[in-house]
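Residue numbering for the sequence shown follows our numbering, starting at 1 and increasing by one per position.
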Amino acid sequence: MSLKTIVWFRQDLRIHDNPALEYAAARGTIIPVYILDDDAPGQWKLGGASRWWLHHSLQSLSNSLESKGHRLHIFAGDPQQILSDLQHQTQSDTIVWNRCYEPFSIARDKAIKESMTSAGINVKSFNASLLFEPWTIKNLQGNFFKVFTPFWKHCLQQSVDPITLSGNSLDSAIPFLETLETSVQLDDFKLLPSNPNWATGFDWSPGEFTALHKLNEFFETAVMSYKEQRDYMDKSATSMLSPHLHFGEISPRLIYHRCQELMALGQGDLSGVQHFLSELGWREFSYHLLYHFPVLPTEPFRSEFNQFEWGNNPDDLRKWQQGKTGFPIIDAAMQELWQTGYMHNRARMIVASFLTKNLLIHWRHGAEWFWDTLVDADLASNSASWQWVAGCGVDAAPYFRIFNPITQGEKFDPDGIYVKRWIPELRDLDVKYIHQPWTAPLSVLKDAGVRLGHTYPEPMVDLKATRNRALQAYAGIRE
Ligand SMILES: Cc1cc2nc3c(=O)[nH]c(=O)nc-3n(C[C@H](O)[C@H](O)[C@H](O)COP(=O)(O)OP(=O)(O)OC[C@H]3O[C@@H](n4cnc5c(N)ncnc54)[C@H](O)[C@@H]3O)c2cc1C
1 MSLKTIVWFR
11 QDLRIHDNPA
21 LEYAAARGTI
31 IPVYILDDDA
41 PGQWKLGGAS
51 RWWLHHSLQS
61 LSNSLESKGH
71 RLHIFAGDPQ
81 QILSDLQHQT
91 QSDTIVWNRC
101 YEPFSIARDK
111 AIKESMTSAG
121 INVKSFNASL
131 LFEPWTIKNL
141 QGNFFKVFTP
151 FWKHCLQQSV
161 DPITLSGNSL
171 DSAIPFLETL
181 ETSVQLDDFK
191 LLPSNPNWAT
201 GFDWSPGEFT
211 ALHKLNEFFE
221 TAVMSYKEQR
231 DYMDKSATSM
241 LSPHLHFGEI
251 SPRLIYHRCQ
261 ELMALGQGDL
271 SGVQHFLSEL
281 GWREFSYHLL
291 YHFPVLPTEP
301 FRSEFNQFEW
311 GNNPDDLRKW
321 QQGKTGFPII
331 DAAMQELWQT
341 GYMHNRARMI
351 VASFLTKNLL
361 IHWRHGAEWF
371 WDTLVDADLA
381 SNSASWQWVA
391 GCGVDAAPYF
401 RIFNPITQGE
411 KFDPDGIYVK
421 RWIPELRDLD
431 VKYIHQPWTA
441 PLSVLKDAGV
451 RLGHTYPEPM
461 VDLKATRNRA
471 LQAYAGIRE
């Protein structure tokens, strides 16, 4: 008799290196399921851009499963109820999933596991999303790490599990199509935007096939120069894997082992590979922090920041969101975000510093905007990174490090290519003035068709004055 296993897909939308899937396939019949759960996450239910991604990612997973003789059944609602109904309907004896680490996911999954187990159903969970699960990494005192460098050094001394062969084992699994009447069609989820369709510029191809292809391409072309090039906003020097990683379309273990293989060859300068791996380390560190400090998305890690006097100017926030600050590098970055659902890492740091320091707007407003607009919106990485830039996080950038958008632009977009790409109004402006158009002579502006305050905004704040104001506000909480 073939044993039936329900495989509950969540942030592991792939077939390769999927331990829950592998386990189920080895037992016999698999019943692959996805459940859209908008309740458990509360305020952190998927944002608009993530929903767009999810739609296409589920389509891709569904196609992959279908090509191997299986069908992805999709549902919306309370996972506990749906899984319990499914278990009755299919008479499955086991439910498996790969673990998620958001506080609400942990609480939900624990409750489901307890209730299923007490009903005599086997529940098994696996790690598919991280190299090192947060509770496995401890410092010498047995506590969690609060500083990245020792955290990562410690991690690199641990072994990482080899990848599983789930994609291959599926071929030999018994194809068994269950017809489940309560499942819905992907379109019923209404994950795609309409009226207006703001995603027309989303040039992405979600799904594991593209993710694996991108990894190969990145290894062939850019990984060796990653360390020197990654900060340049005008270049395509990073992997662009973040949304694929977030939705689990690619296994971090696979990436880790690919890096190790390259380093084992020992050819050339390997600092690019090491640096790339350490960025995956920041992802791990973010999950480590979220697990051990579950209020990370809403509370400052450094408690003195509870006293910090954040400003509250909705007009300023709107200008920032819409990319109408008058600082080209910031406006370009916010346009990139709006038009593509992505923003370069250096640009994320610059716009976050501007919001929290020059505008003194609470980092939570920035994190919420990112949550809605990023295709890679990730509770751990987003919360940890916003706190890092704002200066209230673990191992954070010191508060006095206030990015200057002009010098950052001049350094990391020296020819104004990034600015011109996202702000066509400045396309014809002499590169000498591209990061501070208000300093250009009127004749230069006129020749470029730029009318400050009309075709492009005047700078919304004085950088020096707002910098000093931020430093004073910071000094206030240190006294
Ligand atoms: C304010 C702010 C908010 C951010 N919000 C998110 C978010 O919601 N989701 C997200 O995935 N990343 C976030 N990041 C981190 C980083 O900007 C993106 O991961 C990176 O730009 C993605 O591009 P890439 O895939 O080409 O990265 P690569 O440079 O190719 O790096 C490889 C992978 O490492 C991980 N990574 C890289 N940098 C970081 C980092 N600083 N912290 C955590 N993981 C990292 C990502 O998974 C990335 O795909 C944020 C950074 C800042 C400053």
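The C-beta atom is built at its ideal place from N, Cα and C for all residues, glycine as well. On a predicted model such as this, the values are computed, not experimentally measured, just so you know.
- Message: Measuring straight from C-alpha to C-alpha, what distance separates S381 and H344?
- Response: Your numbering for residue 381 matches position 381 in the sequence shown. Your numbering for residue 344 matches position 344 in the sequence shown. When rounded, the distance between both Cα atoms is 14 Å.
- Query: In three-state DSSP terms, what is K214?
  - Reply: Numbered from its first residue, the sequence shown carries residue 214 at position 214. DSSP places K214 in helix when its eight states are reduced to three.
- Message: Applying the 10 Å Cβ sphere with the 16-neighbour rule, what's the burial state of E102?
- Response: Numbered from its first residue, the sequence shown carries residue 102 at position 102. The residue is buried, with at least 16 neighbouring Cβ atoms inside 10 Å.
- Query: Are the CB atoms of I31 and K4 nearer to each other than 8 Å?
  - Reply: For the purposes of this step, residue 31 is identified with residue 31 of the sequence shown, where counting begins at 1. For the purposes of this step, residue 4 is identified with residue 4 of the sequence shown, where counting begins at 1. Yes, Cβ-Cβ distance for I31 and K4 is below 8 Å.
- Touching or not, the region 323–336 and the region 274–287, by the rule of three or more beta carbon pairs under 8 Å? no
- Query: Is the beta carbon of W282 within less than 7 Å of some heavy atom of ligand 1?
  - Reply: Mapped onto the sequence shown, residue 282 falls at position 282. W282: yes, Cβ under 7 Å from ligand 1.
- Count the CB pairs spanning the region 421–437 and the region 445–454 that are closer than 8 Å, and state whether there are at least three. yes
- Query: Nearest to W8 by alpha carbon, out of L471, R364, K124 and D38?
  - Reply: One-based indexing of the sequence shown puts residue 8 at position 8. Here the closest residue by C-alpha is K124.
- Task: Examine ligand 1 and report whether any of its heavy atoms sits within less than 7 Å of the Cβ of R230.
- Result: Position 230 of the sequence shown, counting from 1, holds the residue named residue 230. Yes, ligand 1 has a heavy atom inside 7 Å of this Cβ.
- CB-CB length for N404 against L463, believed under 8 Å: Along the sequence shown, read from residue 1 onward, the residue named residue 404 stands at position 404. Along the sequence shown, read from residue 1 onward, the residue named residue 463 stands at position 463. Indeed they touch by this definition, with Cβ atoms about 6 Å apart.
- Would you give the residue range spanned by the beta strand (DSSP E) that F144 belongs to? Position 144 of the sequence shown, counted from the first residue, corresponds to residue 144. Per DSSP, F144 belongs to no beta strand (DSSP E) and is neither H nor E.
- Message: On the DSSP letters alone, give me the boundaries of the alpha helix (DSSP H) that V419 sits inside.
- Response: Within the sequence shown, numbered from 1, the residue matching residue 419 stands at position 419. Counting along the chain, the alpha helix (DSSP H) containing V419 begins and ends at I417 to W422.
- Buried/exposed call for A475, threshold 16 Cβ in 10 Å: On the sequence shown, position 475 is the one that residue 475 refers to. With fewer than 16 other Cβ atoms within 10 Å, it is exposed.
- Query: How would you label L165, buried or exposed, when you count the other beta carbons within 10 angstroms and need 16 or more for buried?
  - Reply: One-based indexing of the sequence shown puts residue 165 at position 165. By the 10 Å Cβ count, L165 comes out exposed.
- Message: At 4 residues or longer, what runs of the alpha helix (DSSP H) sit wholly inside the region 12–87?
- Response: 19–27 and 48–67
- Answer yes or no: do E208 and R14 have a C-beta to C-beta separation smaller than 8 Å? One-based indexing of the sequence shown puts residue 208 at position 208. One-based indexing of the sequence shown puts residue 14 at position 14. Result yes, Cβ atoms of E208 and R14 sit closer than 8 Å.
- Query: Taking Cβ to Cβ, would you say Y418 is nearer than 8 Å to D234?
  - Reply: What you label residue 418 is simply residue 418 of the sequence shown in a count that begins at 1. What you label residue 234 is simply residue 234 of the sequence shown in a count that begins at 1. Going by C-beta atoms, Y418 is nearer than 8 Å to D234.
- Message: Using C-beta distances below 7 Å, list every residue in its chain close to A24, excluding the 5 sequence neighbours before and after it, in chain order.
- Response: Numbered from 1 along the sequence shown, position 24 holds the residue referred to as residue 24. Closer than 7 Å at Cβ, skipping near neighbours: T5, V7, I30 and V96.
- Using a threshold of 8 Å, state whether the C-beta atoms of Q387 and A377 are closer than that. Translated into positions along the sequence shown, residue 387 becomes position 387. Translated into positions along the sequence shown, residue 377 becomes position 377. The answer is no: Cβ separation not under 8 Å.
- Query: Which whole-angstrom value describes the C-beta separation of L317 and T373, a residue pair presumed to lie in contact below a C-beta threshold of 8 Å?
  - Reply: As a first step, residue 317 is located in the sequence shown; it is residue number 317 there, counting from the start. As a first step, residue 373 is located in the sequence shown; it is residue number 373 there, counting from the start. Incorrect: roughly 14 Å between the Cβ atoms, too far for contact.
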